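>
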Amino acid sequence: MAYRKVCDAQGGPMVGEVLHCSGGLDLDWDLDKEELQEQGPSMDRMQMQHVDCQRSGCSDPGPDPDPELMEPIQPSVSVSPHGRFERLQEDPNYISHFTRAPGHKGQRRLHCFLLRYFLAGVGVFVLGLLIGWFAHTPAVKPPVLLSDSSDLLEELLRGITADKIDALQRSFSSLSDDSEEARARYLYRQWVGLGLTDVRLSNHTVLLSLPGSTPNTITDRSSHQCFLPNGIPCDQRGPSDLPKQRFSYAAYSTVGSLQGEVVDVQYGSVDDLRRAKDSLNLTNQIAMVKLGQAPLLYKLSLLSELGFGGVLLYIDPCDAPPGRRTWHQAFRVTLNPGGNPAFERKKITLTVGNQQSSKKIYNVVGYLKGRRNPDRYVLVGSRHDSDQGGGASAIMNQLIAALTEQTKRGWVPDRTTVFCSWGGSALGNIGSYEWGKDNSVVLKNSAVAYVSLNSPVRGTETLRATASPTLLQLTSDIQRRQLLSCIRGGNCPGPNVSSLQLPGDVNFFANQIAVPTMEFAFEQTKAEEATSFLSEAQFSAELPETLDPLFKFHETIAKMTAEAILRLVNDPVLPFYPLDIALDVQNKLKERSMVSQPLLSSASSLREHAAFFQSETMRPANDPKERDPSHVRMLNDVLRDLEKSFIIPQAPPGVYRNLLYSLPGKTPQFSILRFSQEAALHCNVTSKAVKRSSAEKEVICHSTMTQSLSLILRAIRSAERLVCFGLDLFENYPNDRI
55 MAYRKVCDAQ GGPMVGEVLH CSGGLDLDWD LDKEELQEQG PSMDRMQMQH
105 VDCQRSGCSD PGPDPDPELM EPIQPSVSVS PHGRFERLQE DPNYISHFTR
155 APGHKGQRRL HCFLLRYFLA GVGVFVLGLL IGWFAHTPAV KPPVLLSDSS
205 DLLEELLRGI TADKIDALQR SFSSLSDDSE EARARYLYRQ WVGLGLTDVR
255 LSNHTVLLSL PGSTPNTITD RSSHQCFLPN GIPCDQRGPS DLPKQRFSYA
305 AYSTVGSLQG EVVDVQYGSV DDLRRAKDSL NLTNQIAMVK LGQAPLLYKL
355 SLLSELGFGG VLLYIDPCDA PPGRRTWHQA FRVTLNPGGN PAFERKKITL
405 TVGNQQSSKK IYNVVGYLKG RRNPDRYVLV GSRHDSDQGG GASAIMNQLI
455 AALTEQTKRG WVPDRTTVFC SWGGSALGNI GSYEWGKDNS VVLKNSAVAY
505 VSLNSPVRGT ETLRATASPT LLQLTSDIQR RQLLSCIRGG NCPGPNVSSL
555 QLPGDVNFFA NQIAVPTMEF AFEQTKAEEA TSFLSEAQFS AELPETLDPL
605 FKFHETIAKM TAEAILRLVN DPVLPFYPLD IALDVQNKLK ERSMVSQPLL
655 SSASSLREHA AFFQSETMRP ANDPKERDPS HVRMLNDVLR DLEKSFIIPQ
705 APPGVYRNLL YSLPGKTPQF SILRFSQEAA LHCNVTSKAV KRSSAEKEVI
755 CHSTMTQSLS LILRAIRSAE RLVCFGLDLF ENYPNDRI
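In terms of the working numbering, the sequence shown opens at residue 55 and continues consecutively.
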């Protein structure tokens, strides 16, 4: 019986292979000693086999035996570290192409012994040379490079402590000058001192709406009694009430007075407005509206279309967080949707004494540069213009300190981290809007994600996580990990992540350029989605040291945010999951009787392609040995751009243009489907056609259900084309690198 050795394709002519073949004949071949002593065809086959084995891996293997004389390769092939052996067909007429050299068996054994001793001597000599070389090589200790593993994460998290955040907060709150410029310049110096080599302080001149010398008031026409927004009579106002005035006005309302009858329209829904319209003349009247259930700007647009001249806002005590008596607290809201306000003024005021003035707002932006992809940015945003941040600046400084400490130990991120501290946030996210507009071209092509620290600790009852569908899985994994060692010793809620619209500076990045976003925050209220728009009211916040004396809640948020940043800047393939987007789309279309079959089919097709893309392309691409870096970069760009497919040209006021973010409600659905129904009803409620031509009028009165469904269908098909493009990237790319 004869065997032929087929050497591994990955190996060349290696000495080890020859040694294995020449010294292992008795082990690999099942031949009797008597056969070895026989002369004739059997010995010829053995000698041929021996020579052929020695030549394996060489460039000229010599003539092959006739293929017809070989049997098919058996399914079960024995595999060894040195190659693969295939059984050949027995054939008495098998002729060797090599002649057996004459010689005695004892001479051949002598030659083998001499060869073995010679090779052993050479091996010992080479080993001695290597030992001597390493022994005399100067001991130059290279820098310790941390790996992209759990070790790096653990090191990073160990550097974040409650005591450090406490010290940073005390340093920040002890500034003698409490102006926004002073805070921004302080952060600039801190970031440079913490190790960021590229920090920039920028400013924008914008129009601000601030409390004036004349306070906002409400006067009872029957009794002529005057009240401040917090319920105190105007003649009893003392000096201590002046600082609170900044929380008792509506920024960017028209200055002046309006007299009218108060009309209770509850939450300002279409049904509420229909009931009011059927019983009263609403022209120049004053609406009394609850916050919650829908964006404030959307409600104001409906009230303006119906002819209301002003609005009184309040919070229903039943909607208020437990233990917080909001009915006697004044609060501030802003009618600015973002950026430098130059929009059309609406007549929705009572007696307002605001004053407008042009002032500078300041942004601080620092960069931690990446190595392989320095032009891909992970944005981390907080605010410094007021005390509403809940210790955001202290958490941001701690994150910078912890990350730069790892860079000093040799770690370099893959992508660039951009730390942003915004000014003008309380009056409409002006700083982030202006900076985003100035850099929108670069951000659309280079921004990977936005991690928000808008108001990280505004309570101690509930840990809330919010993320776009792209980052739902990553956010849930981080929350689950941190809850294993949570503050209350095991009595912790499970992961609860939603894709609701986020308040604050995240608006521009999520809504205008569709950057995937995420945010962790502690809040006082329970996780009731129906009251999420209460965050539009800005109450006088408790100091971080009062709300969280031990800074343990701040530490938890800092660690969760740090883990998110590390994953986003370090993972070879971005931790984005297109299948989650497809599932979210199908979930939003569920239980909708008016949804067409083509729309459902497109959603199903997107899910199938996304699942295949996620399993067949993303998973192996995480191994840098299997994918070329340029292809991985292209793959990451596909993952990054998926959310851009869901941006629509226009949306109702206060509603995100990004379809993937939903509004509060027990049943998830696309926001434009909900408001397109209300818009159709609203057009029937209004008594006269609106004469002005605007995008807002187009959305409210002419965005029918059919048009909304068409926009959703277009978005789904756009996303599917992008996923298919990602699959095509690797269709003809070799999976096995030889």
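We treat Cβ as the ideally placed atom computed from N, Cα and C, and that holds for glycine.
Bear in mind that the values here come from a model prediction, so they are computed numbers and not experimental data.
Pull up the CB-CB distance for Leu653 and Leu763, whole angstroms please, since I reckon it's below 8 angstroms.
Contact holds; Cβ gap of about 6 angstroms.
> If you draw a straight line from the alpha carbon of Val309 to that of Val560, how long is it in whole angstroms?
When rounded, the distance between both Cα atoms is 29 angstroms.
> Pick helix, strand or coil for Tyr421, following the three-state DSSP scheme.
Here Tyr421 sits in strand by DSSP.
> Is Val317 closer than 7 angstroms to Gln290 when the C-beta atoms are compared?
Their beta carbons are not under 7 angstroms apart, which means Gln290 does not touch Val317 by this criterion.
> Identify, in the order they occur along the chain, each residue of the same chain with its Cβ nearer than 7 angstroms to the Cβ of Gly392, setting aside the five sequence neighbours on each side.
Counting only Cβ-Cβ distances below 7 angstroms, and skipping sequence neighbours, we find Gly482, Asn483, Tyr487, Asn561, Phe562.
> DSSP three-state label for Ile567, please.
Residue state, collapsed to three classes: coil.
> How many angstroms separate the CA atom of Pro722 from the CA atom of Leu282?
About 40 angstroms.
> By the three-class DSSP mapping on this structure, what secondary structure does Pro119 have?
Reliability of the predicted coordinates at Pro119 is poor, the pLDDT of 39 falling under 50, and the value obtained from them is presented with this limitation in mind. Correct three-state label for Pro119: coil.
> Suppose you measure from the CA of Arg550 to the CA of Gln640; what does that come to, to the nearest Å?
It is worth fixing the name first, because residue 550 is Asn in this sequence and not Arg. Cα to Cα, Asn550 sits roughly 20 angstroms from Gln640.
> Rounded to whole angstroms, how far is the Cβ of Leu554 from the Cβ of Thr520, which I believe are closer than 8 angstroms?
Yes, they are in contact, since the Cβ atoms of Leu554 and Thr520 sit about 6 angstroms apart, within 8 angstroms.
> Can you tell me where the alpha helix (DSSP H) with Gly490 in it begins and where it stops?
Where Gly490 is concerned, the enclosing alpha helix (DSSP H) stretches over 484-492.
> Helix, strand or coil for Gly435, going by three-state DSSP, please let me know.
In the structure shown, Gly435 sits in a strand (DSSP, three-state: E or B).
> Which same chain residues, not among the five before or five after Phe724, have their C-beta less than 7 angstroms away from its C-beta?
Lys642, Leu713, Ile766, listed in sequence order.
> Confirm, please, whether the CB-CB distance from Ile635 to Leu693 is below 7 angstroms.
For Leu693 and Ile635, no; Cβs fall outside 7 angstroms.
> Quick one: is Thr471 buried, meaning 16 or more other Cβ sit within 10 Å of its Cβ, or exposed?
Classification for Thr471: buried.
> Express the C-alpha separation of Ser509 and Glu208 in angstroms, rounding to a whole number.
Near 25 angstroms, if we compare the C-alpha coordinates of Ser509 and Glu208.
> Within its chain, find whatever has a CB closer than 7 angstroms to the CB of Arg621; leave out the 5 residues flanking it on each side and keep chain order.
These residues qualify, in order along the chain: Leu528, Pro629.
> Would you please state the rounded distance, in angstroms, between the beta carbons of Ser311 and Asn408? I believe it to be under 8 angstroms.
Incorrect: roughly 13 angstroms between the Cβ atoms, too far for contact.
> So Lys344 is in the beta strand (DSSP E); what residue range does that whole segment cover?
From DSSP, the beta strand (DSSP E) with Lys344 extends over 340-344.
> Between Thr215, Ala216, Tyr240, Phe779, which has its C-alpha nearest Ser227's C-alpha?
Nearest C-alpha to Ser227: Tyr240.
> Return the residue from the list Met342, Asp370, Gly420, Pro371 that minimises the CA-CA distance to Gly363.
The option with the nearest alpha carbon to Gly363 is Met342.
> Using the three-state DSSP reduction, which class does Leu776 fall into: helix, strand or coil?
It is helical.
> When you compare only the Cα positions, how much space is there between Thr153 and Asp682?
Low local confidence applies: a pLDDT of 37 at Thr153 is under 50, so the model's placement there is unreliable, and no value is given.
> Between the alpha carbons of Gly213 and Leu248, how many angstroms are there, rounded?
The straight-line gap from Cα to Cα measures roughly 13 angstroms.
> Quick test of your reading: Ala501 and Ile567, contact by CB under 8 angstroms. State the CB separation rounded to the nearest angstrom.
Rounded, the Cβ-Cβ distance is 7 angstroms, consistent with contact.
> In angstroms, rounded to a whole number, what distance separates the CA positions of Lys331 and Tyr321?
Whole-angstrom Cα-Cα distance: 15 angstroms.
> Provide the residue span of the alpha helix (DSSP H) that contains Trp245, from first to last.
234-248 is the span of the alpha helix (DSSP H), which, as asked, contains Trp245.
> Just verifying my parser: in three-state terms, what is the DSSP assignment at Lys644?
Lys644 falls in the coil class under three-state DSSP.
> Just to confirm, is the Cβ distance from Ile532 to Met614 under 7 angstroms?
The answer is yes: Cβ separation under 7 angstroms.
> Assign Leu229 to buried or exposed, taking buried as 16 or more other Cβ atoms, counted over all protein chains shown, within 10 Å of its Cβ.
Exposed, because fewer than 16 other Cβ atoms sit within 10 Å of the Cβ of Leu229.
> Would you give the residue range spanned by the beta strand (DSSP E) that Asn257 belongs to?
252-265 is the extent of the beta strand (DSSP E) around Asn257.
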